[in-house]
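In what follows, a structure is listed as structure tokens, so that the remarks can point back to it.
Residue numbers (this note's numbering), protein chains in the order written: chain A, 98 to 435; chain B, 194 to 526.
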């Protein structure tokens with residue numbers, strides 16, 4: 098019961114944060130120089146045409162009125178219409194064509210990074226100050242310092258252009274069709290319609306971007322796991338476990354690892370923001386047509402509603418993931434109660 | 194008369210010289226004390242407290258003396274040298290490495306050791322000039338966020354109540370923005386000028402630092418020395434910035450060095466996406482330029498990227514060393 102209360106309280110705290118994010122993005126996007134109305138009227142135009150377009154798009158109202166109309170529409174499910182990228186298309190539709198891909202690469206890379214990162218972190222903690230630890234720590238430090246877009250380019254150059262192992266750009270082979278549209282997620286859609294070749298093709302194309310993006314979180318997860326593991330290994334209960342004759346494997350995996358994972362989960366949760374930002378870079382490098390690329394185009398084209406909607410969605414995901422990680426604590430550590 | 198003036202002049206000069214000499218002597222003594230085990234300064238042994246203080250300093254230096262940290266210091270020293278002395282080190286001047294020549298995308302040759310990028314510009318020269326813009330953007334940005342973040346964090350934690358909740362809710366809002374996306378929007382709004390990029394990253398870092406220091410101030414403000422200061426009549430501001438802040442600044446120092454690397458990395462990403470000051474030479478943008486000719490001229494994007502890795506690695510190594518030396522939780526490990 099207290100758990101539900103806790104979730105409710107967290108959701109209530111979310112509201113002012115979301116409002117603030119919306120306000121800031123709205124104001125910032127309206128401050129941008131440039132005029133999207135010009136994209137909606139002919140090259141040579143009269144003042145009447147301009148005013149008519151402005152009225153039609155709702156840009157003639159005072160700015161605060163526009164803001165409240167926008168907020169009202171947002172929560173009733175009307176996310177507005179694209180003004181300049183794809184004129185007249187609903188923003189929601191425009192984003193949903195691209196969002197699944199971004200989620201896919203972010204999710205896959207997060208899973209891969211957590212798996213490898215926790216493993217390497219534990220290894221370097223248990224072999225502290227030995228050769229293996231030094232190598233892993235050095236690798237993690239270098240991993241933190243690599244710009245992922247550069248890594249992406251190098252991977253493209255070596256693995257795809259020179260060796261031809263992976264496709265360099267895009268998310269599908271050009272001749273392949275789109276699967277039947279159900280959820281927008283390519284994997285789920287083709288699974289439902291039974292087109293297995295699309296899934297393998299898709300995963301094959303995602304391999305390099307995911308590898309690249311997982312580098313962002315991999316190193317920080319390794320480092321966090323190592324330091325919290327080292328701390329836990331000093332504790333009395335680990336000594337007790339060893340004294341009572343547990344195998345070393347069980348001491349590490351059952352007694353120590355579970356306690357050491359709690360700070361790591363926080364790091365994973367906080368990294369989701371960096372991951373979504375990194376997705377912008379990876380999508381640009383690998384030409385994936387994801388939501389990050391859409392955001393860049395929306396900023397260039399001054400498509401206000403698209404910018405606002407993307408930032409809004411990304412913020413919601415960030416907050417939701419952090420709430421989720423807080424809830425995972427209770428599962429990992431029964432001592433924590435809400 | 195004139196003789197007298199000259200004499201006085203000489204005397205003053207000698208005095209000045211002796212001051213400089215004293216300073217050098219003092220620095221020498223301190224360095225000896227810190228690095229040579231067993232070396233003592235007599236003055237300090239008289240005053241017990243001072244001695245204790247320097248003993249801990251010596252320990253700190255000794256902990257800092259790991260091989261990785263020294264490598265990091267060397268790398269950062271090299272990058273700073275590149276940035277400061279670029280006109281002397283770089284084979285071409287700033288104008289020349291931004292000029293238009295023949296030989297675009299040419300492979301390495303004696304005149305251009307690492308090859309040429311677009312418009313026949315020399316890559317080595319651009320790598321060296323790039324250090325300057327990276328540091329001139331990263332350092333002020335981090336300083337801005339540390340100063341403002343620390344002030345807000347201390348105020349929030351010290352006063353508590355509604356001030357705390359207002360500041361923390363605002364920082365929540367900025368925290369919820371993914372960093373790179375916020376920077377893109379902000380630079381898109383303000384314009385592609387160096388000052389605005391600095392401002393964008395400065396604002397981005399503020400909530401992080403204010404949270405970091407808030408946590409330690411919350412613990413520190415309950416300690417007896419704060420109460421003692423209050424009893425002896427210190428004003429709030431004095432307690433906050435003279436008594437509490439020096440005791441809570443350690444995690445900030447650690448993450449400061451880490452974050453210089455982080456900002457350089459993130460800022461390179463921003464430049465890669467095309468949001469950079471066109472009047473500067475930046476590694477990120479050089480990578481973007483070289484991207485179009487990845488297959489026939491890989492050196493154009495390879496070398497600037499290596500430079501980014503190097504710089505960030507240097508700051509990260511120093512940050513790692515500092516954390517090992519300063520973090521009390523790691524001390525016993």
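Note that the Cβ used here is the ideal one computed from N, Cα and C, for glycine as well. The model shown is predicted, which means the values in this text are computed figures rather than measured ones.
Distance between beta carbons of residue j and residue i, contact taken as under 8 Å
i	j	result
residue 323 of chain B	residue 500 of chain B	6 Å
residue 454 of chain B	residue 407 of chain B	Residue 454 of chain B to residue 407 of chain B, Cβ: 24 Å. No contact.
residue 373 of chain A	residue 195 of chain A	Rounded, the Cβ-Cβ distance is 13 Å, inconsistent with contact.
residue 508 of chain B	residue 343 of chain B	With 8 Å as the limit, residue 508 of chain B and residue 343 of chain B do not qualify as a contact, their Cβ atoms being about 20 Å apart.
residue 505 of chain B	residue 457 of chain B	6 Å
residue 258 of chain A	residue 198 of chain A	About 23 Å; that fails the 8 Å criterion.
residue 378 of chain A	residue 305 of chain A	Contact flag wrong, Cβ pair sits at about 13 Å.
residue 368 of chain A	residue 280 of chain A	At roughly 26 Å, the Cβ-Cβ gap does not stay under 8 Å, so residue 368 of chain A and residue 280 of chain A are not in contact.
Cutoff 8 Å: residue i Cβ touching any chain A Cβ
i	result
residue 494 of chain B	yes
residue 491 of chain B	yes
residue 317 of chain B	no
residue 524 of chain B	Caution is warranted here: a pLDDT of 46 is assigned to residue 524 of chain B, below 50, making its placement in the model unreliable, and the coordinate value is therefore given only provisionally. No, residue 524 of chain B lies away from the interface with chain A (no Cβ there is under 8 Å from its Cβ).
residue 390 of chain B	no
residue 439 of chain B	no
residue 332 of chain B	no
residue 408 of chain B	no
residue 276 of chain B	no
residue 365 of chain B	yes
residue 484 of chain B	yes
residue 268 of chain B	no
residue 471 of chain B	no
residue 369 of chain B	yes
residue 374 of chain B	yes
residue 505 of chain B	yes
residue 426 of chain B	no
Any chain B beta carbon closer than 8 Å to residue i
i	result
residue 242 of chain A	yes
residue 415 of chain A	yes
residue 147 of chain A	no
residue 321 of chain A	no
residue 246 of chain A	yes
residue 436 of chain A	Not covered by the structure: residue 436 of chain A. The range shown for chain A is 98 to 435.
residue 221 of chain A	no
residue 65 of chain A	Lying before the first or after the last residue shown, residue 65 of chain A is absent from chain A, which here runs from 98 to 435.
residue 329 of chain A	no
residue 104 of chain A	no
residue 100 of chain A	no
residue 377 of chain A	yes
residue 307 of chain A	no
residue 318 of chain A	no
residue 404 of chain A	yes
residue 411 of chain A	yes
residue 113 of chain A	yes
Residue i - partner residues in DSSP beta bridges
i	result
residue 309 of chain B	B:315
residue 178 of chain A	A:187
Cross-chain neighbours of residue i in chain C, by beta carbon under 8 Å
i	result
residue 377 of chain B	Absent here is chain C; the protein component of the structure consists of chains A and B.
Runs of beta strand (DSSP E) wholly within the segment 286-327 of chain A (minimum 3 residues, chain order)
none
Taking three-plus beta-carbon pairs below 8 Å as touching, is the segment 281-288 of chain A in contact with the segment 310-319 of chain A?
no
Whether or not the segment 285-305 of chain A and the segment 261-276 of chain A are in contact is what I'm after, with contact meaning three or more pairs of Cβ atoms, one per stretch, closer than 8 Å; do they touch?
yes
Given 8 Å as the limit, is there contact between the segment 407-417 of chain A and the segment 341-348 of chain A, that is, 3 or more CB pairs closer than that?
The count of Cβ pairs closer than 8 Å, one atom from the segment 407-417 of chain A and one from the segment 341-348 of chain A, stays below three, leaving the stretches out of contact.
With three or more beta-carbon pairs closer than 8 Å as the criterion, would you say the segment 474-484 of chain B touches the segment 223-240 of chain A?
no
Completely contained alpha helix (DSSP H) runs for the segment 216-296 of chain A, where each covers 4 or more residues
228-242, 245-252 and 283-290
Flag this pair as touching only if the segment 416-428 of chain B and the segment 199-209 of chain A have three or more C-beta atom pairs under 8 Å; answer yes or no.
no
Starting from the N-terminal side, write out each stretch of the alpha helix (DSSP H) that is 4 residues or longer and does not extend beyond the segment 346-434 of chain A.
354-383, 388-398 and 401-429
Note down, one range per segment and in chain order, each beta strand (DSSP E) of at least 3 residues found wholly within the segment 376-408 of chain B.
none
With three or more C-beta pairs closer than 8 Å as the rule, is the segment 346-357 of chain B touching the segment 426-446 of chain B?
yes
Enumerated in chain order, which unbroken segments of the beta strand (DSSP E) with a length of 3 residues or greater are wholly contained in the segment 315-376 of chain B?
none
Three or more C-beta pairs under 8 Å: does that hold for the segment 243-256 of chain A against the segment 485-499 of chain B?
They touch, by the three-pair rule.
Just checking, does the segment 108-128 of chain A make contact with the segment 397-414 of chain A on the three C-beta pairs under 8 Å criterion?
yes
Are the segment 305-312 of chain B and the segment 360-375 of chain B in contact at 8 Å, needing three or more beta carbon pairs?
no
Just checking, does the segment 137-147 of chain A make contact with the segment 419-435 of chain A on the three C-beta pairs under 8 Å criterion?
no
Count the C-beta pairs between the segment 325-337 of chain A and the segment 350-368 of chain A that are closer than 8 Å, then say yes if the count reaches three, no if not.
Enough Cβ pairs lie closer than 8 Å, so yes.
Any 3 or more C-beta pairs closer than 8 Å across the segment 393-406 of chain B and the segment 327-343 of chain B
Yes: at least three Cβ pairs fall under 8 Å.
With contact counted as at least three CB pairs below 8 Å, one residue from each stretch, are the segment 465-475 of chain B and the segment 220-231 of chain A in contact?
Inter-segment contact for the segment 465-475 of chain B and the segment 220-231 of chain A is absent: fewer than three beta-carbon pairs are separated by less than 8 Å.
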